[in-house]
Amino acid sequence: MKDEFAVSMEHIFKTFPGVKALDDVQFNVKPGEVMALLGENGAGKSTLMKILSGVYTRDKGDIYIFGKKIEGNLNTTKAQNLGIAIIHQELNMCQHLTIAANMFLGRELIKNGVLDNKRMNELAKAELAKLGASDINPETIVGDLPVGRQQMVEIAKALLMNAKILIMDEPSSSLSNAEIEEMFRIVKELRNMGTAIVYISHRLQELHHIVDRVTIMRDGKFIKEGKFSDFTMDQIISYMVGREITNQFPRDEVKRGKKILEVRNVYAGDRVKDVSFDLYEGEVLGFAGLVQAGRTETMRAIFGADKKTSGKIILDGKEIEINSPEDAIKNGIVLAPEDRKKEGLCTKLSIRQNISLPNLDEVSSKFGTIDKTKEDELIKKGYEALTIKMSSSEAAVESLSGGNQQKVVVSKWLARNSRVVIFDEPTRGIDVAAKVEIYQIINKLKKQGIGVIIVSSELPEVMGISDRILVFCNGRITGEVDARKTTEEEIMTYATKFYDAN
Ligand SMILES: Nc1ncnc2c1ncn2[C@@H]1O[C@H](COP(=O)(O)OP(=O)(O)OP(=O)(O)O)[C@@H](O)[C@H]1O
Ligand SMILES: [Mg+2]
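Under this note's numbering, think of the first position of the sequence shown as 6, with each following residue one higher.
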């Protein structure tokens, strides 16, 4: 009976040039339930949901909303009028407008013929407060917010629409633990009020908190649907990837070598306070902590992307001057940043260009032009390791699925020879199989004697692949633990130490 479903999609097909993104897919969700949509990077999850929300048109197939067949194509306005709201995976806001302006975009409130900014600000603030983010000023320019906060604004914007069908495409990927809890609370509330919710996530550990049923896709095809509690996690993973994954967190044992990097008393901005630590050859050093604890800022200061106020960086026993990323790269220190859209990638350029850009020194010929053969080699080295799903290396990065874009960010840096590789949230939005590939790459770097730093908010990850973990709180290192012996509780204790202090 289609009537029982808020959404019912049947035999959906969609082809992009060179890619069969959806191949006879079915999907349904009932009012008052949370349906997880799962699958590897490039499986077609976002494409399916973009069709439902009118962003893309389907090539073939039927869509029913509350039992009523949709004739012809949907567009975003039509979908909104049907009560469908989507929180996009790639944040989709006007960076130069205020929060309130973004939340009311296209649905602005008017009073006496002019924009009613006061009212819009009030309503925006109230909606954010419901999400536990009452500290956010709705008049802030969106571009000035860190990604996690921007994600909150996207969620608040969807809530403001009073959607009957809410699609959340990886909403948790850049939120802090507290923000995720807040979001879960809201999702449960909406579910109890009868909203149909589609939840896409690669953080499989979080699903049991909110998910009622799951739909699993693989390579553009529908694979399985059922009650979440009827599956084990191993079954879900093997439906997703088409094989079993025995070890989600492979960690090679490598004897730690000599000291490579010494960071001494570094201060930067208002979030990095007196940070000192050492990194050794063949060591993976994890940085745990709550989102906004200052880990990203610390890495940016070491990499020269932000100015240090004071402090020293010593590489192989010699103090080095790092005032810009060029200085860092020249010294063999590289950083794969967390915000792939803003800093990590030029999405309009091809995959090839994105990988060669930071490596121009290695691919240029003596005439100052690009040596195609060297470039081909470098690109091969970079992306083959990660099996990026793409039609060709000439394709624009923006045509890749979210997780595959993340792989390009990582590839850029794997292509060159480095001493220290810093990964800031490297597996955000990456599927379980690709995560393992990235961990294998980290192991490979480790075996080559490279010092690896990994900043990650996912505790199982940081505990599973690091050797040593430093815990951050409020811009300071508050604890050091042995990754093989520690517990989540121990890390969380350090991560919340002095939480209120400055
Ligand atoms: N606008 C586009 N142009 C060309 N190809 C596209 C476009 N959007 C998606 N694709 C391709 O369609 C396939 C499915 O992509 P989609 O974004 O739906 O995957 P996904 O399941 O959401 O993956 P992820 O978990 O990485 O977000 C991929 O091969 C992708 O490269
Ligand atoms: Mg996606």
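Glycine included, every Cβ here is placed at the ideal spot set by N, Cα and C.
query, result
"Considering Val296, what are the terminal residues of the alpha helix (DSSP H) in which it resides?", "No alpha helix (DSSP H) contains Val296, which DSSP labels as neither H nor E."
"What are the start and end residues of each continuous beta strand (DSSP E) run of 3 or more residues lying completely inside the region 144-193, in chain order?", "170-174"
"Give the DSSP bridge partners of Leu475, in chain order.", "Phe292, Glu485"
"Grouping DSSP H, G and I as helix and E and B as strand, with all else coil, what is Met198?", "coil"
"Helix or strand or just coil, what does DSSP make of Asp235?", "helix"
"Just list the residues that DSSP pairs Met14 with in beta bridges.", "Phe32, Ile68"
"Beta-carbon within less than 6 Å of Asp505's beta-carbon, same chain only, minus the 5 sequence neighbours each way: which residues are those?", "Its pLDDT being 47, under 50, Asp505 is placed unreliably in this model, and the value from its coordinates should be taken loosely. If we look at Asp505 and ignore the five residues flanking it on each side, it has no Cβ neighbours."
"What is the DSSP secondary structure of Met98, reduced to helix, strand or coil?", "coil"
"Going by C-alpha distance, which of Leu133, Thr301, Leu290 is nearest Arg261?", "Leu290"
"Can you look up Glu324 in the DSSP assignment and give me helix, strand or coil?", "strand"
"Hey, quick one: how far does the alpha helix (DSSP H) through Glu267 stretch, first residue to last?", "No alpha helix (DSSP H) contains Glu267, which is instead part of the beta strand (DSSP E) from 264-273."
"Given 7 Å as the limit, tell me if Val441 has its C-beta closer than that to any heavy atom belonging to ligand 4.", "Ligand 4 is absent from the structure shown, which contains only ligand 1 and ligand 2."
"Please indicate yes or no: does the CB of Lys74 lie closer than 7 Å to some heavy atom of ligand 1?", "no"
"Heavy atom of ligand 2 less than 7 Å from the Cβ of Gly407, yes or no?", "yes"
"Which residue from Gly309, Val425, Ile319, Asp283 puts its Cα closest to that of Glu485?", "Asp283"
"Rounding to the nearest angstrom, what Cα-Cα distance links Pro36 and Ile170 in this structure?", "8 Å"
"Would Asn507 be called buried (16 or more neighbouring beta carbons within 10 Å of its own) or exposed?", "Unreliable placement is indicated for Asn507, whose pLDDT of 41 sits below 50; the coordinate value is still reported in the next sentence. By the 10 Å Cβ count, Asn507 comes out exposed."
"Just list the residues that DSSP pairs Met222 with in beta bridges.", "Phe227"
"May I ask which residues mark the beginning and end of the beta strand (DSSP E) holding Ala134?", "No beta strand (DSSP E) contains Ala134, which is instead part of the alpha helix (DSSP H) from 122-135."
"In the DSSP assignment, find the unbroken alpha helix (DSSP H) run with Ser416 in it and report its ends.", "407-419"
"Tell me, please, whether the region 136-153 touches the region 70-87 by the rule of three or more beta-carbon pairs shorter than 8 Å.", "no"
"What separation, rounded to the nearest whole angstrom, lies between the Cα atoms of Met108 and Asp376?", "47 Å"
"Where does Glu9 land, buried or exposed, given buried means 16+ other C-beta within 10 angstroms?", "exposed"
"So is Ala131 buried or exposed if we call it buried at 16+ other beta carbons inside 10 Å?", "exposed"
"Here's the rule: buried if 16 or more other CB atoms are within 10 angstroms of the residue's CB, otherwise exposed. What is Ser51?", "buried"
"Between Gln210 and Pro465, which are expected to be in contact by the criterion C-beta below 8 Å, what is the C-beta distance as a whole number of angstroms?", "6 Å"
"Is the Cβ-Cβ distance between Thr491 and Met468 less than 8 Å?", "yes"
"Which residue from Arg300, Glu494, Leu57 puts its Cα closest to that of Ala84?", "Leu57"
"When every heavy atom of ligand 2 is checked, does at least one fall within less than 7 Å of the C-beta of Ser51?", "yes"
"On the three-pair Cβ rule with 8 Å, is the region 304-321 touching the region 258-278?", "yes"
"Consult DSSP for Tyr61 and reduce its assignment to one of helix, strand or coil.", "coil"
"Can you look up Ala506 in the DSSP assignment and give me helix, strand or coil?", "Reliability of the predicted coordinates at Ala506 is poor, the pLDDT of 44 falling under 50, and the value obtained from them is presented with this limitation in mind. Here Ala506 sits in coil by DSSP."
"Compute the Euclidean distance between the alpha carbons of Ile427 and Ile318, then round it to the nearest angstrom.", "15 Å"
"Taking 7 Å as the cut-off, is the C-beta of Ser404 nearer than that to any heavy atom in ligand 1?", "yes"
"Look up Ser243 in the DSSP assignment and say whether it is helix, strand or coil.", "helix"
"Can you name the residues that DSSP bridges to Ser315?", "Tyr272"
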